[in-house]
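Sequence lines, in order, name chains A and B. The first sequence finishes on residue 259 if you use the numbering used here, and the numbering steps up by one all the way, no holes. The second sequence finishes on residue 581 if you use the numbering used here, and the numbering steps up by one all the way, no holes. For every residue, glycine included, the Cβ atom is placed at its ideal position computed from N, Cα and C. Have a look at the structure below, then the notes.
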Amino acid sequence: MMTDEHAADAAMDAQLRAAGQRWRTAHDVGGVSADDWLRLQRRSDRGPRSHRAATLLSVAAVVLVAVGAGAWLALRPNPVPSTSAGAIDANTTSSRTHTATGTSTATPFSVVAAVVDRDWYLVGATGDSGSLDVLRRVGIVPTLKVRSTGGFVATVDDCMFYRGRLRTSDTSLTITSRVRGAFPCPSASPEKQQAASALLRVIDPLLTGTMHWNISHGVLTLSHSNSRQVLTYSERRSARTAAPTT
Amino acid sequence: MTDPDRRQGVDVDAGAVDLAADGADGAARLGRDEFADWAGPSVSAMHRLALRLAPDADPQDVVQEALARAWVKRGQYDPGRGTATAWLLAIVADQARAARRRRSRWLRLVDDAAPVPERALDHSDPDCDLERAIRALPERQRLAVHLHYFVGLPVDETATVMRCSPGTVKSTLFDARGRLRRFLGGDDD
Chain A
14 MMTDEHAADA AMDAQLRAAG QRWRTAHDVG GVSADDWLRL QRRSDRGPRS
64 HRAATLLSVA AVVLVAVGAG AWLALRPNPV PSTSAGAIDA NTTSSRTHTA
114 TGTSTATPFS VVAAVVDRDW YLVGATGDSG SLDVLRRVGI VPTLKVRSTG
164 GFVATVDDCM FYRGRLRTSD TSLTITSRVR GAFPCPSASP EKQQAASALL
214 RVIDPLLTGT MHWNISHGVL TLSHSNSRQV LTYSERRSAR TAAPTT
Chain B
393 MTDPDRRQGV DVDAGAVDLA ADGADGAARL GRDEFADWAG PSVSAMHRLA
443 LRLAPDADPQ DVVQEALARA WVKRGQYDPG RGTATAWLLA IVADQARAAR
493 RRRSRWLRLV DDAAPVPERA LDHSDPDCDL ERAIRALPER QRLAVHLHYF
543 VGLPVDETAT VMRCSPGTVK STLFDARGRL RRFLGGDDD
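Dropping the structure here:
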């Protein structure tokens with residue numbers, strides 16, 4: 014009967030409203046605010062353009078100061094050797110060298126800020142005997158991506174990957190909650206499957222546990238303290254360095 | 393190389409969200425502070441929806457990914473088509489769906505992580521049976537119930553999030569209530 018149907022529906026509606034109210038009360042979430050999120054992003058999403066602009070500005074400022082200092086020295090009645098220009102050169106050199114190491118970080122997100130929100134392309138892995146080259150020949154470049162919250166994903170090919178979280182300390186990165194996709198794409202050629210599987214076996218002991226990290230000239234190096242094994246990633250997709258094969 | 397993230401149409405990880413990609417978007421009117429002010433009031437609702445839609449994922453991850461998406465796409469927000477909260481919740485719903493899909497995919501793929509069952513219901517919860525029944529609803533009905541009853545959105549905002557008309561939301565909710573009654577044994581039909 015329609016009336017009964019409406020009454021039952023109204024009762025269900027009331028039950029859901031009451032349950033929803035109880036649930037909202039029980040889950041009065043604070044969590045991360047948009048402000049928190051943006052504060053994290055500010056540290057991490059300075060894009061290459063702003064980085065380049067800042068570098069250009071600082072170089073221009075240094076050049077202006079150097080020219081001014083040179084002119085002042087040349088026009089001085091009794092010039093004396095000055096060390097200020099040397100100091101400026103030293104500063105300039107250091108500012109152009111983008112180097113960050115695990116030993117220089119003190120805050121959890123400083124590590125992430127150095128690598129976050131960009132693609133890192135694998136250019137070398139200790140122990141790899143050519144699998145990476147095989148994959149690159151067929152257009153597959155293993156990547157590493159890190160997000161601002163500390164999550165990461167590292168791909169070997171379209172189907173084989175690692176993901177998890179990066180916990181940071183003053184000196185190291187520690188991978189936790191690691192999940193591995195260990196099966197090659199069924200549609201891939203046997204050569205591709207073989208190469209991807211071989212590279213996964215090489216990467217597996219490297220991309221695990223606690224690692225030291227270093228970024229220099231756009232190259233991210235991950236290494237274990239108790240071994241000579243390293244993984245090398247570049248910001249440039251086309252980069253290829255001689256892979257360490259120790 | 394086909395990037396698996398892009399191939400799936402979702403981010404495998406929020407690292408794939410390229411925040412620099414919005415640089416060329418001249419329509420992005422909100423600066424960072426304005427964006428924080430604009431999105432801030434909706435964050436609680438976003439958390440609630442993430443909790444409801446992806447109870448086995450980290451809701452903060454879902455919200456953060458949604459905020460990252462919203463930041464990149466902020467130029468696409470059209471106030472004429474709904475409130476900011478509705479727009480943001482629609483993004484959360486997409487991200488939660490992606491999180492669920494990723495989780496099921498990973499659970500099929502991984503060989504070094506034991507399968508994790510769906511988060512168990514709290515049997516001390518007086519609404520335990522109702523929660524179980526809600527989980528058994530079809531996806532659209534479940535989304536409507538979560539948005540309207542648990543996040544607390546009015547029908548018109550629920551419609552905006554679900555990208556349908558308010559009338560469709562009403563009928564979806566009606567169908568959901570009927571199905572819930574049957575699940576709960578309160579309907580003899």
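Express the C-alpha separation of G231 (chain A) and R109 (chain A) in angstroms, rounding to a whole number. Against the first sequence, residue 109 (chain A) aligns to sequence position 96. Against the first sequence, residue 231 (chain A) aligns to sequence position 218. Unreliable positioning characterises R109 (chain A) in this predicted model, as indicated by a pLDDT of 26, which lies under 50. A coordinate reading is not provided.
Excluding sequence positions up to five away, which residues of its chain have a Cβ less than 6 Å from the Cβ of P155 (chain A)? Working through the first sequence from its first residue, we reach residue 155 (chain A) at position 142. Contacts found: L135, T168, V169.
Kindly indicate if chain A contains any beta-carbon less than 7 Å away from that of F542 (chain B). Within the second sequence, numbered from 1, the residue matching residue 542 (chain B) stands at position 150. So, interface residue.
Any C-beta of chain B under 7 Å from that of D17 (chain A): Position 4 of the first sequence, counted from the first residue, corresponds to residue 17 (chain A). Chain B contact via Cβ: absent.
Test: W36 (chain A) CB closer than 7 Å to a CB of chain B: Residue mapping note: residue 36 (chain A) aligns to position 23 of the first sequence, counting from 1. For W36 (chain A), the answer is yes, since a Cβ of chain B falls inside 7 Å of its Cβ.
Contact under 7 Å by Cβ, A525 (chain B) with L441 (chain B): As a working note, residue 525 (chain B) is residue 133 in the second sequence. As a working note, residue 441 (chain B) is residue 49 in the second sequence. No Cβ-Cβ contact shorter than 7 Å links A525 (chain B) with L441 (chain B).
With a threshold of 7 Å on Cβ separation, who are the neighbours of G194 (chain A) within its own chain once the five nearest residues in sequence on each side are excluded? Position 181 of the first sequence holds residue 194 (chain A). Cβ neighbours of G194 (chain A) beyond the five flanking positions: C172, M173, F174.
Do V543 (chain B) and A582 (chain B) count as a contact pair if the criterion is CB distance below 7 Å? Outside the modelled stretch of chain B, which goes from 393 to 581, sits residue 582 (chain B), for which no answer is possible.
Straight-line CA distance for V166 (chain A) to L565 (chain B)? Position 153 of the first sequence, counted from the first residue, corresponds to residue 166 (chain A). Position 173 of the second sequence, counted from the first residue, corresponds to residue 565 (chain B). About 39 Å.
Assigned exposure category for L70 (chain A) - 16 Cβ within 10 Å defines buried: Position 57 of the first sequence holds residue 70 (chain A). Exposed.
In its own chain, which residues sit with a C-beta less than 8 Å from the C-beta of A24 (chain A), not counting the 5 before and 5 after it? For the purposes of this step, residue 24 (chain A) is taken as the residue at position 11 of the first sequence. Taken in chain order, the list of residues that qualify is empty.
Output yes or no for whether 7 Å exceeds the beta carbon distance between A208 (chain A) and L148 (chain A). Along the first sequence, read from residue 1 onward, the residue named residue 208 (chain A) stands at position 195. Along the first sequence, read from residue 1 onward, the residue named residue 148 (chain A) stands at position 135. Result yes, Cβ atoms of A208 (chain A) and L148 (chain A) sit closer than 7 Å.
Just to confirm, is the Cβ distance from L186 (chain A) to W133 (chain A) under 7 Å? Along the first sequence, read from residue 1 onward, the residue named residue 186 (chain A) stands at position 173. Along the first sequence, read from residue 1 onward, the residue named residue 133 (chain A) stands at position 120. The answer is no: Cβ separation not under 7 Å.
From V215 (chain A) to G143 (chain A), what does the alpha carbon distance come to, in whole angstroms? The sequence position of residue 215 (chain A) within the first sequence is 202, counting from 1. The sequence position of residue 143 (chain A) within the first sequence is 130, counting from 1. Going by the C-alpha atoms only, they are around 11 Å apart.
Please list the terminal residues of the continuous alpha helix (DSSP H) segment that includes V243 (chain A). For the purposes of this step, residue 243 (chain A) is taken as the residue at position 230 of the first sequence. Here V243 (chain A) belongs to no alpha helix (DSSP H); instead the beta strand (DSSP E) covers 243-247.
Neighbour list for F575 (chain B) in chain A, Cβ cutoff strictly below 7 Å: Working through the second sequence from its first residue, we reach residue 575 (chain B) at position 183. In chain order: nothing, as chain A lies at least about 10 Å away.
8 Å Cβ cut-off: residues of chain B touching R30 (chain A): Against the first sequence, residue 30 (chain A) aligns to sequence position 17. In chain order: Y541.
State yes or no: is the beta carbon of D217 (chain A) nearer than 7 Å to at least one beta carbon in chain B? Taking the first sequence and counting its residues from 1, one reaches residue 217 (chain A) at position 204. Taking Cβ atoms only, chain B never reaches closer than 7 Å to D217 (chain A), which makes this a no.
For the ligand ATP, is there a heavy atom less than 6 Å away from the beta-carbon of V169 (chain A)? In the structure shown, the ligand ATP is absent, as is every other ligand, since no ligand is present at all.
Does D22 (chain A) come within less than 7 Å of chain B when only Cβ atoms are used? Reading the first sequence from its first residue, position 9 is the one you call residue 22 (chain A). So, interface residue.
With a CB to CB cut of under 7 Å and the five nearest residues on each side skipped, what residues in its chain are close to H19 (chain A)? Reading the first sequence from its first residue, position 6 is the one you call residue 19 (chain A). The answer is none, since no qualifying residue turns up.
Contacts of M224 (chain A) in chain B (Cβ-Cβ under 8 Å): Translated into the one-based positions of the first sequence, residue 224 (chain A) becomes position 211. Per Cβ cutoff of 8 Å: no residues; M224 (chain A) is ~17 Å from chain B at best.
Where are the alpha helix (DSSP H) runs, 4 residues long or more, that stay fully inside the segment 519-555 of chain B, in chain order? For the segment 519-555 of chain B, the full-length alpha helix (DSSP H) segments reaching 4 residues or more read 520-527, 531-537, 547-554 along the chain.
Let me know if V454 (chain B) comes out buried or exposed under the rule of 16 or more other beta-carbons within 10 Å of its beta-carbon. Here residue 454 (chain B) corresponds to residue number 62 of the second sequence, with the count starting at 1. With 16 or more other Cβ atoms within 10 Å, it is buried.
C-alpha distance - R131 (chain A) paired with S434 (chain B), whole-angstrom precision: Your numbering for residue 131 (chain A) matches position 118 in the first sequence. Your numbering for residue 434 (chain B) matches position 42 in the second sequence. R131 (chain A) and S434 (chain B): Cα-Cα distance of roughly 28 Å.
If I'm right that A32 (chain A) touches Y541 (chain B) with Cβ under 8 Å, what's the distance once you round it to whole angstroms? Within the first sequence, numbered from 1, the residue matching residue 32 (chain A) stands at position 19. Within the second sequence, numbered from 1, the residue matching residue 541 (chain B) stands at position 149. So it is a contact: roughly 7 Å between Cβ atoms.
A427 (chain B): which of B:R473, B:T477, B:Q487 sits nearest, CA to CA? Within the second sequence, residue 427 (chain B) is the residue found at index 35, counting from 1. Looking at the sequence shown, residue 427 (chain B) is not Ala but Phe. The shortest C-alpha separation from F427 (chain B) is found at B:T477.
If you draw a straight line from the C-alpha of I153 (chain A) to the C-alpha of L29 (chain A), how long is it? If you number the first sequence from 1, residue 153 (chain A) lands on position 140. If you number the first sequence from 1, residue 29 (chain A) lands on position 16. Answer to the nearest angstrom: the Cα atoms are 51 Å apart.
Does G33 (chain A) come within less than 7 Å of chain B when only Cβ atoms are used? Locating residue 33 (chain A) in the first sequence gives position 20, counting from the first residue. Closer than 7 Å to some Cβ of chain B, the Cβ of G33 (chain A) qualifies, so yes.
Is T560 (chain B) helix, strand or coil when you go by DSSP? For this step, residue 560 (chain B) is matched to residue 168 along the second sequence. Helix.
What is the DSSP secondary structure of S16 (chain A), counted as helix, strand or coil? For the purposes of this step, residue 16 (chain A) is taken as the residue at position 3 of the first sequence. According to the sequence provided, residue 16 (chain A) is Thr. The question's Ser does not apply to it. Correct three-state label for T16 (chain A): helix.
Cβ of R569 (chain B) within 7 Å of any chain A Cβ: Taking the second sequence and counting its residues from 1, one reaches residue 569 (chain B) at position 177. Closer than 7 Å to some Cβ of chain A, the Cβ of R569 (chain B) qualifies, so yes.
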